[in-house]
Each structure stands twice: as structure tokens, then as C-alpha cells.
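Chains as they are written, first to last, in the numbering used here: chain C, 62 to 399; chain L, 62 to 399; chain Z, 62 to 399; chain G, 62 to 399.
All C-beta atoms, glycine included, are put in the ideal place defined by N, C-alpha and C.
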């Protein structure tokens with residue numbers, strides 16, 4: 062039995078981790094924390110848990126969590142690293158769903174996240190938890206940085222072509238459309254139904270904190286300096302991210318070759334499916350899949366890649382559980398059936 | 062030229078009044094107020110006004126508004142009566158879109174609105190601004206209480222049958238489904254897109270402040286003690302209210318007779334359309350219409366009435382402009398073309 | 062290993078049965094049929110199945126299905142009974158998700174379904190598959206009529222109060238709001254996104270085929286002649302049904318007594334949760350739960366009951382699997398974790 | 062009084078033209094046609110017209126329409142040119158909302174529209190009706206090709222920068238997200254609410270008929286060979302198009318310079334608003350505005366342009382009325398108030 066804790070269970074990401082762990086009989090969730098809701102049963106915030114667990118939200122108390130096999134941290138960026146600092150060395154493994162340990166450079170972190178890093182010494186230990194890229198390092202990781210939702214789709218979509226040198230590493234354009242749950246469970250006029258419904262808006266142009274994550278992971282993986290423009294859009298869906306990517310072909314490439322390249326790359330990845338159809342969000346919704354569609358556009362000399370995920374599953378909680386499975390030598394897809 | 066002011070132009074209702082008045086060349090909007098946003102151009106809150114008006118939001122200053130022909134007040138209940146108190150006697154006519162002057166009893170007001178009425182002396186002067194019911198009194202009103210959104214649909218749906226005695230005045234069931242703009246422009250987790258989308262929830266059972274409004278207006282109009290159960294539901298649409306009403310038939314009634322009764326009642330009402338089809342919200346969306354569908358259900362001895370409106374137009378700003386038209390002896394439908 | 066077949070796997074209901082069965086390692090799906098799509102892989106219709114099953118849709122061939130332990134039938138009403146006729150006696154157990162075997166009277170069937178019943182002799186054998194009502198009969202059933210989506214919510218909401226005589230059996234009003242997946246996977250202007258979005262419409266007033274199902278099941282269960290008005294509304298959500306029910310109290314009843322009555326009634330039902338809060342659809346979405354909220358409205362002498370389900374899970378495929386579990390002596394909730 | 066006819070009034074575009082013309086007292090709509098619905102009142106298809114017009118849909122009869130001052134044609138591509146052929150020379154002016162006269166090359170037309178052009182002799186006469194580009198030619202046009210919805214946003218977004226040579230004419234990427242009304246009023250599983258809701262999908266990659274329209278208009282206007290990749294996405298909104306465009310800067314450009322360039326270009330265009338904020342669809346919804354947001358991204362050397370319109374208004378009916386205004390020497394914005 063794996064004994065687990067969830068720090069930050071009042072947000073959508075933490076609640077999804079809880080839902081996925083409650084499905085399992087090889088994992089026991091011993092503690093869930095949420096500073097602002099301490100003392101409440103989890104079903105006070107999420108009535109869907111009614112009758113399914115007696116868990117009560119607690120304050121974060123390292124003594125209370127000490128000795129757990131794994132702790133999932135689902136806190137806002139800036140808060141996550143403080144929790145990691147307090148728990149590091151006292152619990153078996155830490156899976157951080159936030160952004161604090163995804164960049165290896167504390168300076169780059171500060172530039173995009175707008176506050177100083179309080180645990181720069183731990184950045185080196187942290188493993189970027191994209192199983193399709195870092196499988197072997199994840200298996201032995203003690204501190205895992207679960208990828209961001211946008212980066213998960215963008216990186217999976219670009220990896221095979223960039224690693225193979227099929228596309229150029231500069232001039233990449235990533236247009237992404239996201240559901241609103243990615244913004245978290247929060248009160249704001251901008252995120253209200255009336256403002257989001259029947260609407261679209263781009264946001265955080267040029268300053269989104271996922272830009273350096275996408276570029277640095279792809280740069281390290283491909284060995285080339287990857288530069289891309291990333292424009293996120295908020296659209297009226299609750300869940301899902303659709304990323305449409307343009308990259309300039311280095312040479313000629315047939316549709317079949319593109320498909321073969323991607324299928325080979327993901328041959329041992331149970332949650333990535335590749336085709337030459339345009340993917341859809343509903344196909345991956347509430348699942349841990351990333352579906353990728355490829356289109357070689359000869360007229361403009363570009364490879365167009367569409368990648369879709371559920372931002373709360375493959376883009377957060379599902380990928381965290383996938384990583385936990387690897388970190389505990391379990392089947393990668395255990396408990397992640399649609 | 063009618064000189065108008067809008068107090069509380071930062072909310073959806075006030076902004077819709079502004080949009081409707083900007084269409085007209087017989088009305089000049091001289092001032093718009095919004096305490097929390099004073100100093101901002103209206104297009105800072107509503108970019109849709111960009112390039113269409115130079116109006117800047119101001120603090121409410123009775124000296125500044127004094128002498129205007131008409132002032133629309135679109136403030137939260139409790140705030141509206143304070144503004145009326147300050148403006149009464151200093152401006153030509155006041156149209157209050159809030160709930161503070163809709164009930165003639167200060168005691169009933171306090172019971173449902175949960176605070177004391179600060180201007181009970183003005184309640185007698187206030188005219189309930191449902192043109193289909195109070196046309197003649199509206200024409201001469203100086204203080205007009207614009208009906209609530211839910212009551213507009215429920216009352217129009219029930220009026221002809223109750224006045225004619227076709228249905229019993231007790232045991233009425235009003236189920237209403239509302240779009241989210243009715244909750245105003247506000248920040249809350251409950252009204253966030255992620256919580257509203259793909260969801261329905263009933264709310265305020267038995268305590269909604271529109272219950273006494275519906276019952277008292279219908280009681281006065283019909284001369285019978287009207288009692289109804291009112292259950293509002295929040296559904297994932299931005300605009301519109303669908304009210305499905307059950308009332309017990311007093312005697313036998315054919316579908317044709319029901320239709321005739323309603324068409325006669327609304328013969329001179331340009332914004333009410335009656336049929337034996339089930340109505341739809343999109344048909345009245347962004348318009349000042351109330352569409353009513355009738356179904357005589359012999360099997361259960363009930364008249365089922367469905368009434369639909371756009372909560373921000375016929376349920377608020379449009380009806381306010383309709384009332385202004387009557388109060389200034391203009392064509393009732395001026396400036397309210399779909 | 063239970064060997065199963067799904068007849069009519071191209072619709073939403075059949076596809077959900079397939080999804081739920083693919084989760085399990087104690088059930089093997091040996092055949093899926095869909096006349097109009099025979100020869101296609103299931104992922105051609107539902108890309109979400111890509112990589113998860115090699116199943117190819119077939120024509121319905123009784124010889125091919127003969128000997129299966131259980132066959133789920135998810136066909137339009139009128140088609141289901143023909144399939145049952147062909148398979149009856151040749152397969153172990155039949156679970157019909159359509160409406161053909163829910164009414165015990167062939168005459169009543171014809172009145173509401175508008176065509177003659179072709180297997181009236183089998184009506185007596187068919188067991189109405191609402192586990193919370195018919196647990197023991199389901200365990201031994203060979204032909205199971207899975208309840209309709211609307212009736213599931215309405216009946217569960219009314220059962221305890223009607224059986225206990227707490228409410229009167231006449232004058233019941235059921236207002237229901239349904240997502241669009243209940244209408245099936247079909248091409249029509251009326252069901253297009255542009256027509257449904259931002260819209261509400263009531264439909265099939267007085268003639269909906271679920272009216273006799275609700276009334277006859279409740280009449281038989283309570284021993285009183287139950288009569289209710291049922292008004293279904295189509296609202297812009299994909300999944301879920303919200304039923305708001307008004308029933309006249311027979312005597313006085315406190316909120317606590319109502320809660321106790323319902324909790325007692327459903328004490329051994331793992332998928333019904335009762336509270337005095339208003340329920341929400343998202344809480345039960347993608348689950349087999351029915352959440353019930355109770356409100357005793359003294360002012361009008363009514364019990365207001367709100368019941369919510371996911372129309373495709375508790376209202377169709379999930380309940381079918383729940384029934385299968387009972388019919389094969391398995392844990393009632395096996396494979397139905399959220 | 063301008064006497065107008067609408068050919069194809071059963072679709073969304075034609076119905077919007079009718080709505081906009083019914084607002085006016087200087088235009089009389091004398092005839093509306095719709096082959097498949099001939100004999101029906103327009104309110105049978107669009108209940109929103111109930112009580113507002115006695116118009117009955119007719120078959121298209123050139124003798125009946127002969128002599129009208131203007132005829133709007135809102136038919137599927139391929140049908141429009143047949144109607145133009147029949148009406149040309151018999152009515153005053155023709156405004157075709159379809160795609161048949163937007164490309165000057167019959168060969169290019171056939172390549173993308175997949176059928177032969179039946180009136181290639183009229184292509185030369187047709188004026189491309191983008192008022193912000195072709196104002197003077199529109200004033201004198203007799204056959205006007207109203208722009209496509211996607212091209213309207215993409216072309217307005219790119220025109221100033223391309224004409225000024227601020228961006229390179231190759232390597233342009235246009236990602237567009239569209240509401241569903243752009244697909245017309247039609248019955249298909251793909252366009253059903255259940256399939257569109259909570260979903261996104263790209264479609265028609267590399268073969269969309271708006272590609273040659275965008276490229277040829279921009280090529281002619283800028284004098285450079287413009288090549289762009291265009292990826293349309295269907296998202297769950299009814300109305301609106303959001304186009305996010307990447308173009309490579311030719312040299313250095315400040316945010317202020319970009320803003321100045323665009324504001325100068327559109328100085329006399331009442332319906333284009335430019336800012337350095339990201340635009341939103343709701344801001345232009347139900348209006349004839351095109352809002353443009355500019356972002357100079359130095360890090361990648363690109364100008365990012367976001368352009369939003371309402372596909373049925375500025376992208377169809379509103380622009381058609383704007384063109385009619387110009388063709389009849391009226392104020393460009395007459396009858397197009399929000």
C-alpha cells in the first residue's frame with residue numbers, strides 16, 4: 062500500500078489527484094491539506110466526494126505528513142516551493158504539480174514568475190516529469206516537477222520533429238486554446254461565466270510563464286536552440302487544451318513519413334496517439350491521452366501539428382499519477398483508464 | 062432632447078441602458094456614475110463602447126445630476142433607495158432598475174431583502190413599471206420601480222389567466238431557468254465559468270426576493286390572494302429567462318380559448334407575443350419581447366404557461382427604456398428594435 | 062469471465078456501455094453491432110476508443126451472438142424489441158436500454174410510442190431495472206428493461222415520499238432539464254449547436270413517452286394512482302438531467318423528517334445520495350450517482366425534490382452495468398467508480 | 062425608399078440581412094426567397110420575426126424580383142452564381158454574400174470550390190466588397206462580392222502592415238477560431254450540440270476556400286506575393302471569429318509605431334477599432350465592428366495581430382448592409398448601430 066498525501070486539495074488539480082487515487086486499492090490517501098479550508102470535509106468544497114471518503118482538509122503540518130510514501134503538491138507557484146522546502150527529506154517522494162521546479166535556472170524562473178526562488182539548491186535534483194521524454198529519470202526521481210498544461214501539449218507535439226531535425230528550431234508558432242479550469246478555482250470577474258461564454262480572448266502575450274518551460278525542455282531534448290512564439294487563448298470550455306503548431310520543414314517530408322516518425326517516437330508511450338486526422342478535445346477529455354494530428358503543408362513548407370490534452374488530467378493530475386506509477390515501479394497506466 | 066443620467070453604469074443593467082440610449086438621437090446621456098470605477102472611461106469596463114461615446118464614469122453627485130430629465134438607477138438593492146433619496150425632487154423622473162421600490166410594504170421588503178427600508182415614505186409614489194399592466198400610471202409616474210427579471214416573465218405569463226379567473230390563485234408552481242448575467246457583474250467562485258458550465262443548480266428556495274413581488278403584483282391585479290412556489294435555477298447561458306408555470310384550471314378550457322384569452326389581454330402590448338408553440342429563449346434574446354406559449358393539459362387539469370424574456374432587456378434595461386418612452390409620451394417601442 | 066455483446070454501439074448509450082466494460086478485466090466484449098456502420102472500427106465513430114480495442118462494428122447476427130452471457134441492446138424504441146425477439150432464448154441475459162419493455166401494457170406502449178408492440182408476450186418477463194426499487198427481481202431477471210433517463214431521476218426523487226404516503230399522489234409537477242446527449246447521436250437542425258446554445262425550450266408537452274413510465278412505476282410501487290405533469294426542457298449542456306419536483310404534502314413534515322425518510326429508504330443504495338442542499342449536475346456528471354436535494358416548503362405545503370443524474374450513466378449505460386452486476390451476483394458498484 | 066429583395070432568406074446570413082433591413086424606414090423588403098421553404102412565413106423558420114413582418118418565403122422568380130433596387134443573395138456557393146446569372150441586368154444592384162464572385166480567376170475558383178464557374182464573364186465586373194479597402198469601387202459597383210467571414214478578419218488584420226511593407230509577405234500564419242453559425246443552418250452530426258460543446262477541432266487544413274481569397278486580395282492590395290497558412294478551428298460559440306496572426310517583421314517596429322500605422326490606415330473606417338490590448342469576441346458580437354489588437358514581439362521578430370468580428374454581421378449581413386449604404390450614397394454606418 063502506497064501512503065499518499067495531497068497538499069493543496071482545494072483546487073481543481075489537487076481534487077483530481079484525489080479522485081484518481083480514490084479509485085485505487087493500492088494507494089491510501091492519508092492526508093489532504095488546504096490552508097483556507099482547514100477543518101472542512103472535502104465534500105464541502107466538492108460535493109462529488111460525498112459518501113466516498115471521510116477525509117477532512119487540514120493545515121499543512123510537516124510533522125503530520127512525515128513518513129508518507131508520496132506527497133502531491135498542488136499549490137500556486139511560489140507556494141509550492143515553500144511546501145517542498147518544508148517536506149523535502151521527510152517524505153518519500155514529492156510530486157509538485159506547480160511550476161516552481163520546472164525551470165533549471167533560478168534567474169529564468171524569477172524573470173517569468175516575478176518572484177525569487179527560495180529553493181534554488183533543489184532545482185538540480187528535480188526531474189521534469191514528462192514520461193514520454195524522461196522515463197528513466199522519473200523512475201528514480203525523489204522530487205518531480207510535473208509539467209505545465211500548455212507545455213505538455215506543445216512539447217509532445219514538437220519533440221519527435223525537433224529531435225529528428227525534421228523542422229527548424231526557430232520560427233515556431235504555438236497557438237493554444239484552453240478551457241477555464243486551467244485558471245484554477247478562483248473568484249474573478251474575468252473568469253465569470255458571463256464574461257467567458259460566447260467569448261475568446263488571447264492573454265499574457267510574450268510573458269506567459271510556460272514560454273521558458275517549452276523552450277528550455279525542447280532545447281535540451283533536441284540540442285538546438287528552440288525559439289517559439291506562444292499565444293494562449295481562453296475559450297468557453299471547462300477542460301482541454303488544443304495546441305496548433307506551425308514549424309518550418311527542414312527538407313521535404315511526406316505525410317506518411319511524418320506519421321511514421323511520430324509513431325516510432327511514441328511507440329512505447331501508452332498515452333500518446335498519433336494520426337493524420339485533426340484531433341478533437343472531447344476525444345481526450347477526462348482521459349490521460351494526448352492525441353496528435355499531423356499535416357504536412359507543402360504549399361508553405363510547414364509541418365502543422367495539433368496536440369490535444371485534458372489540462373486537468375494529462376496536463377496535471379493524470380500525468381502526476383502516471384509519474385507516481387513510474388516512481389513506484391508500477392504499470393505506467395495503472396488507474397488511468399478512461 | 063431628453064437629458065438622461067445613469068447611476069450605476071458599471072453593471073450589466075446600467076451598461077445595457079447606456080447602449081440602448083446611445084442608439085437614439087432624441088436622448089442625450091449627460092452623466093454616468095459608478096463609485097468604484099470613477100474616473101474611467103466607460104470603454105475601460107466595456108470595450109464595446111470604444112469609439113462610441115466620450116463618457117467618463119463619475120461619483121454620484123446629486124448637484125451634478127440635478128435638472129436632468131430622467132435618471133436611471135441601476136444599483137444593488139439597498140443602494141438604490143439611498144440614491145433615490147438623494148435625487149428625488151432634484152431630477153425630472155427616476156427609473157429604478159433595482160428592487161427597492163417594487164414592494165409597497167416596507168415590512169415585506171425587510172423580510173425578504175434583509176435590511177430596513179430607508180425611504181418608506183416614497184413607496185406610495187412609486188409606480189410598478191410593467192407597461193402591460195400599469196400603462197396609464199406609468200405615463201404620469203415620477204418614480205418608477207422597474208420590475209425584476211423573474212417577475213416580468215412570471216407575471217406576464219399569469220396575468221391574463223388570473224385576472225379572468227381561468228386558473229386558481231393557489232398552488233401555482235413557477236419553475237424558472239436563468240442565464241448568469243442576472244447575477245450581475247461580480248467576482249465569485251460560484252459564478253465562474255468552470256462552475257456554471259455543464260451545470261444546473263436551483264438556488265434560494267423559498268427565500269428569493271422575487272417571491273413577494275410576483276405574489277403581491279398578481280394579487281393586486283387579480284383581486285385574489287395569489288400564492289405560488291417559485292424555484293429559480295441557474296443554467297449555463299448568459300442571457301435569458303425561461304419560466305414554466307403550472308396553474309390549476311378553474312374549469313374547462315380549450316387550447317383555442319386560452320390563446321384567445323391571452324391574445325386579447327395583450328392586444329395593445331407591442332412586446333408580448335402569444336402562441337401555442339413552446340417558446341425559445343433565442344427568439345427573444347437581445348430583444349424587448351416576452352414570448353408566451355400556452356398548453357392546456359386536460360389529463361391533469363392544468364394550464365401550463367411558458368414565458369421567455371431576455372433578462373437584461375425586457376427584464377431590465379429594455380423595459381426601463383420602454384417605461385421612459387411612456388413617461389415622455391413617446392412611442393412605446395421607440396429605439397427598441399431588435 | 063463474462064462474455065458480452067452490445068447491439069447498437071454506434072449511439073451514445075451503447076458507446077458508454079462499451080467504455081465502461083473496457084475498464085473491466087472480468088468482462089470481455091466479444092461483439093458490437095451497428096447496422097449503418099458495419100465494417101468500421103469503433104474508433105472510426107468514436108476516436109476516443111483508438112488504441113483501446115480492436116472491435117469492429119458488425120451487422121446484428123443472432124447466430125454470431127448466440128451463447129453470449131449478456132447482450133446490451135441500445136437501439137431506438139421499436140427496434141429494440143425486434144432485436145430482443147431475435148436474441149431471446151439464445152443468449153444468457155438481455156439488458157435493453159430502450160423503452161420497449163418498460164411498460165407492462167402493450168396498449169399504453171402503443172399510445173405513447175406510436176407503433177404496435179411486436180413482443181407483447183415478453184412484457185411479463187421483463188423486469189424494470191431500477192436497482193433501488195427492484196433489487197431482488199433484477200438479480201434473477203433474464204430480460205431487463207433499463208429505465209429511461211428522465212424516469213430514473215423522477216422516480217428516485219418521488220419513491221420514498223410516495224411509498225410512505227408523505228405526499229399526495231395527484232397534482233405532482235415534474236420539471237426536467239436535460240442535456241442534449243439524451244436525444245442521441247443524430248443529425249438535425251434542431252439539435253445543432255447554433256440552435257441549442259444560449260437557448261432553452263420545452264418540448265413534447267403532454268405526449269412524452271416517459272410520462273406513462275413514471276406514472277406506472279410509481280403507481281405500482283406506492284399502491285396509489287400517481288398522476289403527474291411532466292415538462293422536459295432541452296438546455297445547452299451535453300450531459301445531465303435536473304428534475305425539480307413539486308408534490309403536495311399530506312401532512313406536516315419537517316426538513317429533518319424528510320431527510321430521514323429518504324436516507325432510510327436509500328440506506329442500502331450505493332448510488333443515491335440525499336441532502337437538504339440543492340444538488341448540482343456537475344457533482345454527478347460522468348458518475349452513476351443520483352443526488353437528491355429536499356426542501357420542505359411550509360408556505361405552500363409542498364415538498365420540493367430535486368434529483369440529478371448523468372443521463373448517459375445513471376440514466377442509461379451506468380445503470381445498465383449496475384444491473385449487470387446484480388444479474389451476475391457481483392458487487393453492485395463494480396467498475397462504476399467515478 | 063430602397064426596394065430590396067433577399068434570395069436565400071432561410072439561412073442565418075439571409076435572416077440577418079432581413080433583421081437589419083426591417084430596422085430601417087428607408088428600405089422596403091419586397092420579397093424573400095427560399096426554395097425549400099417556399100410558402101412559409103419567415104416566422105415559421107425564425108420565430109423572432111413573429112409580429113414584425115408579413116413576408117412569406119417564395120421560390121426565386123426573376124420576373125418577380127425584376128426592377129428591385131437591390132437584391133441580396135445568400136445562397137450556398139455554386140448556387141449564388143446561378144441566381145446572379147438570372148438576375149443580372151434585371152435588378153438594380155446585386156450583393157452576393159456567397160463566395161462565387163470573390164476570386165477573379167475562374168480556374169482558382171474551380172480548384173478550391175470544386176465545381177466549374179458558370180458566370181466567368183461576370184467576374185471582372187464584380188467588386189470585392191471590403192469597404193476599408195475598396196470604398197470607391199464599391200460606391201459604383203453593380204455586382205458586389207461580399208467578403209467571406211474568415212477573410213474579413215484576416216485581411217483587415219494584415220492590410221496595413223502588408224501595404225506598408227512592415228511585415229514580410231511570406232510565412233504568415235493565420236489561426237482562426239470560429240463560431241458554429243458560420244457553418245450555416247444545417248443538419249449534421251458533426252454540428253450537433255453534443256459534438257461541438259466542450260470541444261475544439263481544426264478542419265479543412267490546406268483546402269479551405271478562404272485561403273485563395275485571403276491571399277489574392279492581400280497580394281493585389283500590397284503588390285507583393287502574399288502566402289499564408291490558414292488553420293480554421295471550430296469552437297463552441299455561436300457567433301464570432303477570432304483570428305490570431307503571426308507575421309515576420311521586416312525591420313524594427315515599436316508598439317507605438319504599429320498602433321499609429323494601423324490607426325492611420327483605418328482613420329476613415331467607422332467599423333475598425335485598433336488597440337494594443339487583446340480583443341474579445343463579445344465586444345464585437347452582434348455589431349459590425351472589427352476590433353484589432355497589436356503586439357510587437359521583439360523576442361521572435363514578429364508582429365502578432367488579433368482581429369475579431371461577428372461572422373454573421375461584419376463577416377456577412379452587416380458588411381452587406383454597409384456595402385449597400387455605400388452603393389446608395391448613404392452614410393456608411395446607417396442602421397448598423399449596436
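Identify the continuous alpha helix (DSSP H) that holds residue i and give its terminal residues.
| i | result |
| --- | --- |
| residue 388/C | 379-388 |
| residue 354/C | Careful: residue 354/C lies outside any alpha helix (DSSP H), inside the beta strand (DSSP E) at 351-358. |
| residue 374/C | Premise fails: residue 374/C is in no alpha helix (DSSP H) and is neither H nor E. |
| residue 347/C | Run containing residue 347/C: none; DSSP gives neither H nor E here. |
| residue 228/L | Careful: residue 228/L lies outside any alpha helix (DSSP H) and carries neither H nor E. |
| residue 254/L | 254-257 |
Taking only the alpha-carbon atoms, compute the straight-line gap between residue i and residue j and give it to the nearest angstrom.
| i | j | result |
| --- | --- | --- |
| residue 279/Z | residue 382/Z | 23 angstroms |
| residue 184/G | residue 202/G | 12 angstroms |
| residue 108/Z | residue 126/Z | 25 angstroms |
| residue 330/L | residue 324/L | 10 angstroms |
| residue 397/C | residue 371/Z | 21 angstroms |
| residue 326/Z | residue 221/Z | 6 angstroms |
| residue 75/L | residue 148/L | 17 angstroms |
| residue 209/Z | residue 245/Z | 13 angstroms |
| residue 350/L | residue 348/G | 20 angstroms |
| residue 224/L | residue 320/Z | 39 angstroms |
| residue 353/C | residue 346/C | 14 angstroms |
| residue 214/G | residue 298/C | 23 angstroms |
| residue 363/L | residue 192/Z | 33 angstroms |
| residue 286/Z | residue 124/Z | 44 angstroms |
| residue 255/Z | residue 296/L | 17 angstroms |
Near residue i, what residues of its chain come up, given a Cβ to Cβ distance below 8 angstroms and the 5 sequence neighbours on each side ignored?
| i | result |
| --- | --- |
| residue 98/G | 71, 105, 106, 118 |
| residue 169/Z | 273, 277 |
What are the boundary residues of the beta strand (DSSP E) that includes residue i?
| i | result |
| --- | --- |
| residue 64/G | 63-68 |
| residue 204/C | 204-206 |
| residue 133/C | 131-134 |
| residue 122/L | Counting along the chain, residue 122/L falls outside any beta strand (DSSP E), and DSSP gives it neither H nor E. |
| residue 78/Z | No beta strand (DSSP E) contains residue 78/Z, which is instead part of the alpha helix (DSSP H) from 73-83. |
| residue 198/L | Note, residue 198/L: premise wrong, no beta strand (DSSP E); alpha helix (DSSP H) at 192-200. |
| residue 333/L | 333-336 |
Using a Cβ-Cβ cutoff of less than 6 angstroms, which residues in the same chain neighbour residue i once the five nearest sequence positions on both sides are dropped?
| i | result |
| --- | --- |
| residue 85/L | 396 |
Return the chain-ordered list of same chain residues with a C-beta closer than 7 angstroms to the C-beta of residue i, the five sequence neighbours on each side being excluded.
| i | result |
| --- | --- |
| residue 153/C | 129, 130, 131 |
| residue 112/L | none |
| residue 121/C | 68, 94, 96, 144 |
| residue 226/C | 311 |
| residue 181/G | 167 |
Mind reading off the beta-carbon distance from residue i to residue j? Whole number of angstroms is fine, and I expect it under 8 angstroms.
| i | j | result |
| --- | --- | --- |
| residue 308/G | residue 194/G | At roughly 18 angstroms, the Cβ-Cβ gap does not stay under 8 angstroms, so residue 308/G and residue 194/G are not in contact. |
| residue 267/Z | residue 358/L | 5 angstroms |
**Item:** alpha helix (DSSP H) segments (min. 4 residues) lying fully within the stretch 270-322 of chain G
**Value:** 271-283
**Request:** With a floor of 3 residues, list each beta strand (DSSP E) that falls wholly inside the stretch 136-179 of chain C, ordered by position along the chain.
**Result:** 154-157
**Message:** I'd like the ranges of any beta strand (DSSP E) spanning at least 3 consecutive residues and lying wholly in the stretch 88-121 of chain Z.
**Reply:** The stretch 88-121 of chain Z contains these whole beta strand (DSSP E) runs: 88-94.
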